[in-house]
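Worksheet: the structure to be examined is printed underneath.
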Amino acid sequence: MSIRLNVNGAEHDVDVEPEAPLLWVLRDELNLTGTKFGCGIGACGACTVHVNGRATRSCSVPVGSVANLKITTIEGLGAGGLHAVQQAWIDHQVPQCGYCQSGMIMAVSAFLASNPAPSDDQLAAAITNICRCGTLPRIRAAVQDLVEHKAAGGPR
Amino acid sequence: MNRRKFLIGGATAAGALIVGYAVWPDHRLEHIDEMAAGPDERFLATWIKLANDGTITVVIPHCDMGSGTYTPLAQMAADELDADWTKIRTITAPSDPLFANGALAEGFGLASHISWESIPSFLRGPAAGSMRLIAEHMDLQTTGGSSAVRFTGFYGMRIAGAAVREMLVQAAADRLHAAVDALRTEKSRVIHTSSGQSLSYGELAAEAARLSPPSNPKLKGKSAFQLIGKPVQRLDIPAKVNGAAKYGIDTQVPGMVYGAIHISPVFGGKLVSVDEASATRQPGVKKVVKLDDAVVVIADRFWRAHNAVDALHPVFSNSSNGDVSSQRIRDAHLVALNSAKVNKDLSIGKGADALQNASVFERTYNVPYLAHAPMEPANATVLYKDGTLEVWSGTQDGLGSRAFCAKAAGLPLEKVTFHLTPSGGAYGRRLPGLWNFLTYAVKTGMASPGVPVKLVFTREQEMQHDYYRPNVTSRFRAVVGSDGSPSAWVNEYTTDDEANEEAHIFYRVPNQFYGTVKLPAPVPTGPWRSVESSWHGFFVESFIDELAQQANRDPLDYRLALLKDKPRHCETLQLAADKAGWGTALPSGHGRGVAIVECFGTIVAHVAEAQVANDGSVKVNRFTTAADCGMAVNPDGFKAQMEGAVIFGLSAALFGEITIDRGAVVQQNFPDYDMVRLGQCPEIHVYIHESDAPLGGAGEPGIPPVAPAVANAIFAASGIRVRKLPIKNHSLAATVRPG
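Line by line, the protein sequences are chains A and B.
Quick note on numbering: the first sequence equals residues 0 to 155 in numbering that gives the first Met the number 0.
Quick note on numbering: the second sequence equals residues 0 to 738 in numbering that gives the first Met the number 0.
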């Protein structure tokens with residue numbers, strides 16, 4: 000059975016069972032390996048993508064449920080350049096092994112789009128992704144930097 | 000662990016002190032040119048190749064597992080080379096004996112006895128020597144022991160960079176008919192000082208490559224460093240923010256199929272039977288591979304293989320481990336410490352005799368099994384075709400992995416290619432000795448000849464088939480003098496292997512005794528970030544805190560008084576304390592704890608600030624860290640390693656526990672093996688204390704003082720002493736606190 004997916008602005012018809020997890024369809028059918036497998040049960044956030052702009056843990060989403068919705072992966076986030084969150088990640092030298100960072104960046108970018116001036120508590124409640132290397136302090140600093148620049152209305 | 004000891008022995012036995020492996024004789028360079036140089040490129044030393052356009056590629060004999068070593072190693076080569084930093088690239092060394100890491104062998108060999116500077120220059124000698132041979136013999140390209148920058152950088156990269164610089168200068172001197180000392184180098188150019196005429200490194204590459212590398216090039220003094228010691232942006236980060244970085248799990252080989260595995264849950268169990276048809280009737284399934292202690296389903300897509308392996312209900316034998324539990328293991332520790340024979344490790348002064356006829360203060364501590372739980376689960380891709388084997392995987396030793404796969408496949412080394420990929424975290428999980436995933440992948444691949452198979456552990460398989468940080472129990476007995484200082488320190492602990500020098504204290508105590516009770520358990524164990532120091536740090540720094548408490552002394556002052564002859568330790572401790580505001584008032588229910596540990600050549604002191612609520616919940620609000628690693632090659636990268644260690648160590652201290660029940664691991668996935676998340680992440684402030692000490696490590700030394708600093712802070716906040724990790728298992732509610 001063919002399912003139509005809209006990923007990073009392009010249409011793809013994939014011939015898979017509708018219950019196949021979106022994560023593995025992105026990785027193994029569409030070769031978009033920037034989205035990572037961490038736990039398979041939606042507990043770690045490494046597989047986070049945007050579905051209609053909302054942060055979604057793709058390991059726990061059946062592909063049939065997102066047909067024709069707008070899916071964005073890390074490869075499509077910057078639309079050719081770097082998204083402000085990606086640039087902040089470089090400026091603050093956030094990644095170590097980097098494996099969780101696609102999911103982190105997708106989670107943070109969706110969150111800031113819906114709440115551009117969050118409190119620390121709101122940020123902590125929204126971003127529950129796991130990073131084993133321990134980059135959390137730099138993630139928090141990078142987000143604070145983004146929020147301050149946004150609040151000041153200045154360019155990044 | 001044994002590997003390290005063997006190396007030290009081996010290096011000493013070989014007796015040679017030669018650093019020439021970075022600057023091979025020319026015939027070796029021809030071979031590596033064939034292997035790893037592109038068009039218009041050539042190697043000038045084992046680890047440096049130069050292209051006609053001036054691009055300099057530093058070949059790194061380590062894996063990228065996140066600790067960021069590629070950048071400081073490149074900084075060290077580039078600094079000695081006077082290279083333009085924008086022209087620097089890094090690649091991972093091929094998994095070939097030509098790239099065996101002699102510098103690492105030398106580092107381990109020398110670190111225990113002699114400093115490099117103390118070797119007479121005539122002995123640093125011309126020919127590449129025994130260290131390389133040892134490295135080659137041991138298939139050594141390991142990344143572990145916080146060794147990359149200390150050893151590969153210091154004994155390899157700097158020398159290679161300096162040698163290449165001298166070759167370029169010589170080539171320029173020949174071309175310009177000038178004397179060598181009329182030339183200087185700057186930003187990838189050789190400049191004739193008096194005329195101002197200059198040549199780029201790229202222009203000189205071909206001529207320089209015809210010269211023989213000098214074996215004993217002159218190294219810069221510290222004051223001349225341009226790149227070493229500067230906070231340089233990590234070279235690997237841009238590819239880690241846009242999804243471009245390719246880890247082992249991202250390997251794509253044409254025609255590839257996927258394997259999902261179910262390993263005997265009970266350690267040592269064997270596969271008895273499996274109803275293969277229940278898998279083969281599922282969509283996409285190609286094959287069921289029965290292994291000795293596991294079953295693998297191969298399918299055209301991973302999720303199909305995963306679903307099918309879950310639908311199998313293989314029967315495994317319980318071996319003789321069906322009644323093993325962590326509770327029983329710990330009970331046996333306590334019995335053994337009281338009754339079994341203690342193996343003496345070290346005795347100082349009167350040793351344990353100092354306990355006789357004295358009032359003895361005794362405490363016992365325990366740490367649980369821990370999984371590494373890297374974010375990227377274990378995986379490997381294997382193609383077995385026409386008698387050759389090709390493997391792609393992220394491990395902590397590419398050359399060792401190649402030899403390991405050859406052995407697992409029963410093939411000669413030259414029939415095996417190993418492609419080392421970056422790892423999504425490792426922390427020891429991918430070190431030699433912990434390679435069950437390579438064994439399973441090779442066996443699966445060989446059962447599927449001609450077709451590449453990517454075997455991926457699910458998180459559940461990764462959690463339940465790791466090699467765990469061991470469960471260790473440690474008992475201390477001390478005699479305290481009239482001034483409150485210990486006059487005797489007796490420490491006996493359980494081990495499944497050998498005695499640990501990491502138990503030995505740096506505090507001044509006249510009588511000391513260390514002994515072990517050997518008690519092997521049928522649970523696979525392995526090195527976990529900071530290894531033995533991760534448990535002895537908790538034990539020692541908890542006990543010293545209890546001694547301070549007994550003596551009614553401030554825990555900081557108590558430590559400082561026992562460290563009078565150790566200025567680096569005192570200054571590092573004092574720096575952390577000052578920056579943390581040690582001694583200033585905190586609200587009720589808050590407390591500060593301090594701990595200091597030296598390991599892998601680096602001293603780290605943490606002050607933790609914890610808050611224990613009336614309901615017993617713990618929040619760690621702040622960490623203040625001071626570290627002395629001699630000199631940080633990349634200070635920002637060093638700080639990042641310290642911050643990461645605090646989070647990694649805090650997850651373990653608060654939540655980390657692998658429980659064994661009926662011979663198998665109970666925990667399955669992240670909710671039951673939890674991690675610190677953003678909401679629990681403390682503020683972390685890191686300060687570097689510079690000294691003239693030799694370069695220390697970065698990846699591991701931040702870990703050991705984390706748990707005791709937190710436990711000591713919890714004591715300060717609540718009056719409850721945590722002697723058994725993790726902290727989550729303790730009730731700290733106001734109702735149970737001492738009055």
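Just so it is clear, CB atoms sit at the ideal spot from N, CA and C, and this is done for glycine as well.
* To do: Please report how far the alpha carbon of B:A204 lies from the alpha carbon of B:L724, in whole angstroms.
  => Position 205 of the second sequence, counted from the start, is the residue given in the question as residue 204 of chain B. Position 725 of the second sequence, counted from the start, is the residue given in the question as residue 724 of chain B. Distance between the alpha carbons of B:A204 and B:L724: 57 Å.
* Would you say the segment 689 to 700 of chain B touches the segment 620 to 631 of chain B, given that touching needs at least three Cβ pairs under 8 Å? -> yes
* Asked: How should B:S194 be labelled, buried or exposed, when 16 other C-beta atoms within 10 angstroms of its C-beta is the threshold for buried?
  -> The count along the second sequence starts at 1 and reaches residue 194 of chain B at position 195. The residue is exposed, with fewer than 16 neighbouring Cβ atoms inside 10 Å.
* To do: Just tell me which of B:E545, B:N711 and B:E461 has its CA closest to the CA of B:A377.
  => The residue you call residue 377 of chain B lines up with position 378 of the second sequence. Minimum Cα distance to B:A377 is reached at B:E461.
* In the DSSP assignment, what residue or residues form a beta bridge with B:H261? -> Taking the second sequence and counting its residues from 1, one reaches residue 261 of chain B at position 262. Looking at the DSSP assignment, B:H261 forms a beta bridge with B:V294.
* Asked: chain B beta carbons: is any one of them nearer than 8 Å to that of A:R139?
  -> Mapped onto the first sequence, residue 139 of chain A falls at position 140. Yes, A:R139 lies at the interface with chain B (some Cβ there is under 8 Å from its Cβ).
* Asked: What's the call for B:T85, buried or exposed, on a 16-neighbour Cβ count within 10 Å?
  -> In the second sequence, counting from the first residue as 1, residue 85 of chain B sits at position 86. So B:T85 counts as exposed.
* Min CB distance A:R155 to chain B below 8 Å -> Locating residue 155 of chain A in the first sequence gives position 156, counting from the first residue. Residue placement at A:R155 cannot be trusted, given a pLDDT of 45 that sits under 50; the coordinates are not used to answer.
* Which stretch, first to last residue, makes up the beta strand (DSSP E) that contains B:H589? -> As a working note, residue 589 of chain B is residue 590 in the second sequence. Here the beta strand (DSSP E) through B:H589 covers H589 to C598.
* When we look at the beta-carbon of A:M0 and count the other beta-carbons within 10 Å, is it buried (16 or more) or exposed? -> Residue mapping note: residue 0 of chain A aligns to position 1 of the first sequence, counting from 1. Label assigned to A:M0: exposed.
* **Own chain partners of B:S616 with C-beta closer than 7 Å, once the 5 adjacent residues on each side are dropped** => As a working note, residue 616 of chain B is residue 617 in the second sequence. Nothing listed; no residue qualifies.
* To do: Return yes when the Cβ of B:T472 is within less than 8 Å of the Cβ of B:H332, no when it is not.
  => The residue you call residue 332 of chain B lines up with position 333 of the second sequence. The residue you call residue 472 of chain B lines up with position 473 of the second sequence. Yes. Within cutoff.
* If I'm right that B:S541 touches B:Y364 with Cβ under 8 Å, what's the distance once you round it to whole angstroms? => Taking the first residue of the second sequence as 1, we reach residue 541 of chain B at position 542. Taking the first residue of the second sequence as 1, we reach residue 364 of chain B at position 365. Right, the Cβ-Cβ distance comes to about 6 Å (below 8 Å), so this counts as a contact.
* If you run the structure through DSSP and keep just helix, strand and coil, what is A:H11? -> Position 12 of the first sequence, counting from 1, holds the residue named residue 11 of chain A. Three-state DSSP puts A:H11 in a strand.
* In terms of residue numbering, what span does the alpha helix (DSSP H) encompassing B:G397 cover? -> Numbered from its first residue, the second sequence carries residue 397 of chain B at position 398. G397 to A408 is the extent of the alpha helix (DSSP H) around B:G397.
* **Identity of the residues DSSP links to B:E491 by a beta bridge** => The count along the second sequence starts at 1 and reaches residue 491 of chain B at position 492. The partner list for B:E491 (beta bridge, DSSP) reads B:R474 and B:G514.
* According to the neighbour-count rule (16 or more other Cβ atoms, all chains shown, within 10 Å of its Cβ), is B:N499 buried or exposed? -> In the second sequence, residue 499 of chain B corresponds to position 500, counting from 1. It counts as buried.
* Whole-angstrom Cβ separation of B:A625 and B:A652, contact assumed at under 8 Å? -> The residue you call residue 625 of chain B lines up with position 626 of the second sequence. The residue you call residue 652 of chain B lines up with position 653 of the second sequence. Contact between B:A625 and B:A652 is absent: CB atoms are separated by about 19 Å, not below the 8 Å threshold.
* Asked: Can you tell which of A:A123, A:T134, A:C38 and A:L68 has the C-alpha that lies nearest to the C-alpha of B:Q666?
  -> To locate residue 666 of chain B, count along the second sequence from 1; it is residue 667. Nearest option by C-alpha distance: A:C38.
* To do: Counting only the same chain and skipping the five closest in sequence on each side, list residues whose C-beta sits under 7 Å from that of A:G33.
  => Counting from 1 along the first sequence, the entry for residue 33 of chain A is found at position 34. Closer than 7 Å at the Cβ level, and outside the excluded window around A:G33, lie T72, I73, E74 and S101.
* To do: For chain B, find out if any of its Cβ atoms is closer than 8 Å to the Cβ of A:I40; answer yes or no.
  => Position 41 of the first sequence, counted from the first residue, corresponds to residue 40 of chain A. Yes, A:I40 counts as interfacial toward chain B.
* **Neighbour flag for B:A639 against chain A, beta carbons, 8 Å** => Stepping through the second sequence from its first residue, residue 639 of chain B is reached at position 640. Taking 8 Å as the CB threshold, B:A639 lines the interface with chain A.
* Could you list which residues in chain B have their beta carbon closer than 7 Å to that of A:P20, in chain order? => Counting from 1 along the first sequence, the entry for residue 20 of chain A is found at position 21. Per Cβ cutoff of 7 Å: W302.
* Asked: Under three-state DSSP, which class holds B:F224?
  -> Position 225 of the second sequence, counted from the first residue, corresponds to residue 224 of chain B. The DSSP-derived three-state label of B:F224 is coil.
* **chain B contact for A:E10 (CB, 8 Å cutoff)** => Here the question's residue 10 of chain A lines up with position 11 in the first sequence. It does not: the Cβ of A:E10 has no partner Cβ on chain B nearer than 8 Å.
* Asked: Thinking C-beta only, is B:A425 closer than 8 Å to B:R591?
  -> Counted from its first residue, the second sequence places residue 591 of chain B at position 592. Counted from its first residue, the second sequence places residue 425 of chain B at position 426. Cβ distance not < 8 Å, so B:R591 and B:A425 don't count as in contact.
* Proximity test, Cβ basis, 8 Å: A:P94 and chain B -> As a working mapping, residue 94 of chain A is identified with position 95 in the first sequence. True, the Cβ-Cβ gap to chain B drops below 8 Å.
* Go to B:K343, then tell me how far its beta strand (DSSP E) extends in each direction, as first and last residue. => As a position in the second sequence, residue 343 of chain B is number 344, starting the count at 1. Its beta strand (DSSP E) spans residues N342 to I347.
* Asked: Per DSSP, what kind of secondary structure is B:F622 in: helix, strand or coil?
  -> Against the second sequence, residue 622 of chain B aligns to sequence position 623. It is a strand residue.
* **Length of the line joining the Cα atoms of B:K727 and B:E608** => Here residue 727 of chain B is taken as the residue at index 728 of the second sequence, counted from 1. Here residue 608 of chain B is taken as the residue at index 609 of the second sequence, counted from 1. So the alpha carbons of these two residues sit roughly 17 Å apart.
* Asked: Counting pairs of beta carbons, one from the segment 679 to 691 of chain B and one from the segment 591 to 600 of chain B, are three or more of them closer than 8 Å?
  -> The segment 679 to 691 of chain B is not in contact with the segment 591 to 600 of chain B.
* Asked: Can you tell me whether B:H729 is buried or exposed, with buried defined as 16 or more other CB within 10 angstroms of its CB?
  -> Numbered from 1 along the second sequence, position 730 holds the residue referred to as residue 729 of chain B. Flag for B:H729 reads buried.
* Asked: Are any of the Cβ atoms in chain A nearer than 8 Å to that of B:M445?
  -> Counting from 1 along the second sequence, the entry for residue 445 of chain B is found at position 446. Not closer than 8 Å to any Cβ of chain A, the Cβ of B:M445 fails to qualify, so no.
* To do: Take B:S199 as the anchor and find which of B:V273, B:Q232, B:G242 and B:D83 has the nearest alpha-carbon.
  => Within the second sequence, residue 199 of chain B is the residue found at index 200, counting from 1. Cα-wise, what sits closest to B:S199 is B:D83.
* Asked: Does the segment 345 to 353 of chain B come within contact of the segment 448 to 458 of chain B, defined as at least 3 CB pairs closer than 8 Å?
  -> no
* To do: Answer yes or no: does any C-beta atom of chain B fall closer than 8 Å to that of A:F36?
  => By one-based count along the first sequence, residue 36 of chain A stands at place 37. Chain B places a beta carbon closer than 8 Å to that of A:F36, counting this residue as a contact.
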